[in-house]
Amino acid sequence: MDFDNFKTLGEWDKWKGALAKAVDLGEAIGFNENTVDKMAYRIGNFLSSTVDPENREERVLQELWKVADESDKKVLAKLIVRMVEKDSRLH
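Residue numbers for the sequence shown follow my numbering, beginning at 1007 and rising by one.
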């Protein structure tokens, strides 16, 4: 059994949880959906160019970001926001 994967999955869940908290905070202070999506896009640009991925999932996101055009990046950012919102509601 590969116990390293358990650690990686925990980090991935922690990463999604941190994003969910940021989205919840933005919505709590009155940011609308469009503003949250724009912020996610900007954060994605920053992270893709400055942060080394810590696990496979983050690496996949970074690779997708690097090959995407601006429109694709906006869609990817929006999908990531929706993913963490859904996860947040389940927990």
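Positions of the beta carbon are idealized from the N, C-alpha and C atoms, including for glycine. Since this is a predicted model, take the numbers as computed values, not measurements.
- Pairing E1091 with S1054, the inter-Cα distance amounts to about 21 Å.
- Runs of alpha helix (DSSP H) with 4 or more residues, each lying fully within the region 1035-1067, are found at 1039-1056, listed in chain order.
- One alpha carbon belongs to N1040, the other to P1059, and they sit about 26 Å apart.
- For the pair E1076 and R1048, the Cα-to-Cα distance works out to about 11 Å.
- Taking a contact as a CB-CB distance under 8 Å, the pair V1042 and G1050 does not count as one, their CB atoms being some 12 Å apart.
- A Cβ-Cβ separation of about 6 Å places A1046 in contact with I1086 under the 8 Å criterion.
- DSSP places D1075 outside both helix and strand once states are collapsed to three, so it counts as coil.
- Apart from sequence neighbours up to five positions away, no residue of its chain approaches W1021 with a beta-carbon distance below 6 Å.
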